[in-house]
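J.: Take a look at this one; I'll ask things after.
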Amino acid sequence: MSFDLVLFDNEKEFSNEEEFMEWYEAFTKWDAGLDYNVVANLSNKRMIAFFEELIQSYPPLDGPLSPSDELLDEQPDLEDKLTSYSIGTDMIYSAFAWSEADEAYSLVKKLAHKHRVGFFNCSASTFEIEKNLP
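Be aware that the sequence shown starts at 252, since it is given in the numbering used here, and climbs by one per residue.
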């Protein structure tokens, strides 16, 4: 099990929680034809900047940006920071290790505000979303 946070293009319009959840559930059905490890999927520069900064602290578990085996051998603590990302056109689904939940939550929230991207805590027991509008 993982600690899951979702970042999204804050320019998307949702009239209510139900509409957001329909959009979220459609994204998480996973299109077999899309490589979810590719940053070029993102259509928003703020989302790209957010992701590039986040992976400095939480590198991808998979894909072309994941750390090499040599780097993991040199920095054994880095393994706890490895995060599974699924990157769509206007959403980044992030699955952090539970041991990193508090630190990851704080950093993601801070970076989401800095880069003005939407933030959804899908691991929360209640609906928690922030649009971080300019």
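All C-beta atoms in this analysis are idealised placements derived from N, C-alpha and C, irrespective of residue type, glycine included.
Taking all protein chains shown into account, do 16 or more other C-beta atoms lie within 10 angstroms of the C-beta of A277, making it buried, or fewer, making it exposed?
T.: Numbered from its first residue, the sequence shown carries residue 277 at position 26. That one is exposed.
J.: To test your reading of the DSSP string, which unbroken alpha helix (DSSP H) runs of 4 or more residues are found completely within the stretch 339-373?
T.: Those alpha helix (DSSP H) runs which fall completely within the stretch 339-373 and span 4+ residues are 352-366.
J.: Let's test the definition: count the other Cβ atoms within 10 Å of the Cβ of P315 and tell me whether it reaches 16, buried, or not, exposed.
T.: Translated into the one-based positions of the sequence shown, residue 315 becomes position 64. Classification for P315: exposed.
J.: Kindly give me the distance between the Cβ atoms of Y344 and S337, rounded to whole angstroms, as I take these residues to be in contact under 8 Å.
T.: As a position in the sequence shown, residue 344 is number 93, starting the count at 1. As a position in the sequence shown, residue 337 is number 86, starting the count at 1. The pair is a contact, with the Cβ atoms about 4 Å apart (cut-off 8 Å).
J.: Only counting the same chain, and skipping five residues up and downstream in sequence, which positions put a Cβ closer than 7 Å to that of S308?
T.: The count along the sequence shown starts at 1 and reaches residue 308 at position 57. If we look at S308 and ignore the five residues flanking it on each side, its Cβ neighbours are K332, L358.
J.: Under the rule that 16 or more other beta-carbon atoms within 10 Å means buried, what is P310, buried or exposed?
T.: Position 59 of the sequence shown holds residue 310. By the neighbour-count rule (16 or more Cβ atoms within 10 Å), P310 is buried.
J.: Just to confirm before moving on: does the CB-CB distance between L312 and S294 stay below 7 Å?
T.: By one-based count along the sequence shown, residue 312 stands at place 61. By one-based count along the sequence shown, residue 294 stands at place 43. Contact: no.
J.: Which same chain residues end up closer than 6 Å to K382 when comparing Cβ atoms and leaving out the 5 residues on each side of it in sequence?
T.: Counting from 1 along the sequence shown, the entry for residue 382 is found at position 131. If we look at K382 and ignore the five residues flanking it on each side, its Cβ neighbours are N261, G369.
J.: Return the chain-ordered list of same chain residues with a C-beta closer than 7 Å to the C-beta of E326, the five sequence neighbours on each side being excluded.
T.: By 1-based counting over the sequence shown, the position of residue 326 is 75. As written in the sequence, residue 326 is Gln, which differs from the Glu given in the question. Cβ within range, chain order: n/a, list empty.
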